[in-house]
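Here is the structure we will look at.
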Amino acid sequence: MVPRIAVLPGDGIGTEIIPQAIKAIQASTVKCQEKFIFTEALVGGAAIDAVGVPLPDETLELCLHSDAVLLGAIGGPKWDNLPVALRPEAAALLPLRKELGLFANLRPAFLFPELLQASSLKPEVIQGVDLLVVRELTGGLYFGEKKREKLDRGERAVDVLEYTTYEIERIARLAFEAARRRRGKLTSVDKANVLESSRLWREVVSRLGREYPDIELEHMYVDNCAMQLIRNPRQFDGIVTENMFGDILTDEASMLTGSLGMLPSASLGGKVGLYEPSHGSAPDIAGQGKANPLAAILSAAMMLRYAFNMEKEAMAVEAAVRQVLAEGYRTPDIMEAGQRLVNTDEMGDLVAGKVEEVVVQWG
Ligand code: NAD
Numbered sequence: 453m454v455p456r457i458a459v460l461p462g463d464g465i466g467t468e469i470i471p472q473a474i475k476a477i478q479a480s481t482v483k484c485q486e487k488f489i490f491t492e493a494l495v496g497g498a499a500i501d502a503v504g505v506p507l508p509d510e511t512l513e514l515c516l517h518s519d520a521v522l523l524g525a526i527g528g529p530k531w532d533n534l535p536v537a538l539r540p541e542a543a544a545l546l547p548l549r550k551e552l553g554l555f556a557n558l559r560p561a562f563l564f565p566e567l568l569q570a571s572s573l574k575p576e577v578i579q580g581v582d583l584l585v586v587r588e589l590t591g592g593l594y595f596g597e598k599k600r601e602k603l604d605r606g607e608r609a610v611d612v613l614e615y616t617t618y619e620i621e622r623i624a625r626l627a628f629e630a631a632r633r634r635r636g637k638l639t640s641v642d643k644a645n646v647l648e649s650s651r652l653w654r655e656v657v658s659r660l661g662r663e664y665p666d667i668e669l670e671h672m673y674v675d676n677c678a679m680q681l682i683r684n685p686r687q688f689d690g691i692v693t694e695n696m697f698g699d700i701l702t703d704e705a706s707m708l709t710g711s712l713g714m715l716p717s718a719s720l721g722g723k724v725g726l727y728e729p730s731h732g733s734a735p736d737i738a739g740q741g742k743a744n745p746l747a748a749i750l751s752a753a754m755m756l757r758y759a760f761n762m763e764k765e766a767m768a769v770e771a772a773v774r775q776v777l778a779e780g781y782r783t784p785d786i787m788e789a790g791q792r793l794v795n796t797d798e799m800g801d802l803v804a805g806k807v808e809e810v811v812v813q814w815g
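Okay, structure coming up:
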């Protein structure tokens, strides 16, 4: 069977960066007999404008019947004032994740040495940062029961934080497996000193850890982890944590690498994974050729690795990005004095050209 990729460029810069990711994928398979089949579909504001809903049935069907989904970004000021049931993020992204059963969000924070000066943190602190946060995506506070009740004075608001053994086991197993593909260390982040759900989390992760004697497992409280990420981020390899802690820690970790335009992500767990850059549709720069396509291209590398088990091709894409940066090419968000400014399309062409070179070189 020829692998099928559902392509959802979405809105704003999504339509500019996704073609660059496709070029990189095509270049990585230049020597393969079988090529991917790419099928494009509407999502987000573009879908609202065309057919009145942000996640058309045809789009969902296409995703469910593909081997992987490549998503750009959705949303923008034009659709911000629609009712929640129609808003691109609430009514397209969350249902799409739910329908695809994506319970794990993988967000690597890797600092390309060429971008050492692009971060707001000291170079000696961030040099060599290479970590992966595995965040639980469909449980915890964000999905627990919510209610409000009137009191004699004011109101009471409740958000329920719950996790089951099953939910913890499946995300932890995925994180242990990911750690095996990396340097073999996993930090499980919780707040077991005060939260019962965290105590269960720690028990389950510890028990599962005995099945992975090759992985060095440590436990860390979330407040300490937030501090350690800034103090000494190099100590981390894999991090696994629940939904809300992961939400906060991944944004913090993103700043270790300098630009939002550099951060890929993969959401996994169901039959079909979703690969997307971590950033949004960037309406402020959309249509100007200023968008950095590297996060989308690196998301495509994650797709090659996790959806298709094409480690060599994934590494070729990552090596190509590194080489293009080493040659001094920069989009405006990572531009520094003395480097060469290129637009979105030029950056995509440079990376694709380099991917082909690397693939041929590696044989
Ligand atoms: P954003 O990530 O779109 O942009 C934040 C800032 O980063 C902007 O200054 C933007 O120009 C810059 N930026 C982002 N990606 C870049 C890239 N690849 N290259 C260069 N610069 C880049 O976040 P925002 O402005 O808060 O949100 C804009 C819209 O995107 C909103 O409608 C929001 O709801 C939506 N959004 C969508 C997703 C998604 O689709 N997964 C995620 C976040 C935000």
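To get our numbering, take the position in the sequence shown, counting from 1, and add 452.
Just so you know, even glycine gets a beta-carbon here, dropped at the ideal spot from N, CA and C.
What span of residues does the beta strand (DSSP E) with residue i cover, start to end?
{"i": "residue 875", "result": "What the structure shows of the chain is the stretch from 453 to 815, and residue 875 is not part of that stretch, so it cannot be assessed."}
{"i": "residue 547", "result": "Counting along the chain, residue 547 falls outside any beta strand (DSSP E), though it belongs to the alpha helix (DSSP H) covering 546-551."}
{"i": "residue 461", "result": "456-462"}
{"i": "residue 672", "result": "668-673"}
{"i": "residue 641", "result": "637-642"}
{"i": "residue 610", "result": "607-611"}
{"i": "residue 489", "result": "489-492"}
{"i": "residue 663", "result": "Counting along the chain, residue 663 falls outside any beta strand (DSSP E), and DSSP gives it neither H nor E."}
Can you name, in chain order, every residue of its own chain whose Cβ lies under 7 Å from the Cβ of residue i, other than the five neighbours on each side?
{"i": "residue 547", "result": "507"}
Sorted by chain position, which residues of the same chain lie with C-beta nearer than 8 Å to residue i's C-beta, five sequence neighbours on each side aside?
{"i": "residue 483", "result": "811 and 812"}
{"i": "residue 514", "result": "458, 491 and 493"}
{"i": "residue 704", "result": "678, 681 and 682"}
{"i": "residue 487", "result": "454, 478 and 481"}
{"i": "residue 814", "result": "764 and 768"}
Closest to residue i by C-alpha separation, out of the options, would be which residue?
{"i": "residue 554", "options": "730, 815, 720 and 744", "result": "720"}
{"i": "residue 648", "options": "615, 622 and 802", "result": "615"}
{"i": "residue 504", "options": "481, 658, 534 and 485", "result": "534"}
{"i": "residue 717", "options": "756, 551, 608 and 643", "result": "756"}
{"i": "residue 785", "options": "570, 575, 453 and 583", "result": "570"}
{"i": "residue 498", "options": "512, 697, 526 and 476", "result": "526"}
{"i": "residue 796", "options": "473, 617, 556 and 574", "result": "473"}
Going by DSSP, what residue range makes up the alpha helix (DSSP H) through residue i?
{"i": "residue 510", "result": "509-516"}
{"i": "residue 695", "result": "695-706"}
{"i": "residue 471", "result": "466-480"}
{"i": "residue 806", "result": "796-814"}
{"i": "residue 727", "result": "Note, residue 727: premise wrong, no alpha helix (DSSP H); beta strand (DSSP E) at 725-729."}
{"i": "residue 577", "result": "575-578"}
{"i": "residue 559", "result": "First-last for residue 559: 556-562, but that is the beta strand (DSSP E), not the alpha helix (DSSP H)."}
Would you say residue i lies against chain E (beta-carbon separation less than 7 Å)?
{"i": "residue 769", "result": "Absent from the structure: chain E. Only one protein chain is present."}
Excluding sequence positions up to five away, which residues of its chain have a Cβ less than 6 Å from the Cβ of residue i?
{"i": "residue 715", "result": "706, 730 and 747"}
At least 3 beta-carbon pairs within less than 8 Å: the stretch 512-527 vs the stretch 723-738:
Using a Cβ-Cβ distance cut-off of 8 Å, the stretch 512-527 and the stretch 723-738 are in contact, since at least three pairs of beta carbons, one from each stretch, lie closer than that value.
Between the stretch 536-552 and the stretch 651-668, are three or more C-beta pairs nearer than 8 Å?
As far as the Cβ criterion goes, the stretch 536-552 does not touch the stretch 651-668, which means the pair count is below three.
Quick test of the definition: if touching needs 3 or more C-beta pairs under 8 Å, does the stretch 776-787 touch the stretch 798-810?
Touching, yes.
Quick check for students: name the residue ranges of the alpha helix (DSSP H) that lie wholly in the stretch 745-783, counting only runs of 4 or more.
Listed in chain order, they are 746-758 and 763-778.
Whether or not the stretch 657-672 and the stretch 617-635 are in contact is what I'm after, with contact meaning three or more pairs of Cβ atoms, one per stretch, closer than 8 Å; do they touch?
At 8 Å Cβ cutoff, the stretches touch.
Below 8 Å, can you find three or more Cβ-Cβ pairs linking the stretch 631-642 to the stretch 600-620?
Contact fails: fewer than three Cβ-Cβ distances are below 8 Å.
Assess contact between the stretch 767-774 and the stretch 735-744, defined as three or more Cβ pairs (one per stretch) separated by less than 8 Å. Is contact present?
Segments in contact, no.
Cβ pair count under 8 Å reaching 3, the stretch 689-703 against the stretch 584-595
With a cut-off of 8 Å, the stretch 584-595 and the stretch 689-703 count as touching, because enough Cβ pairs lie within range.
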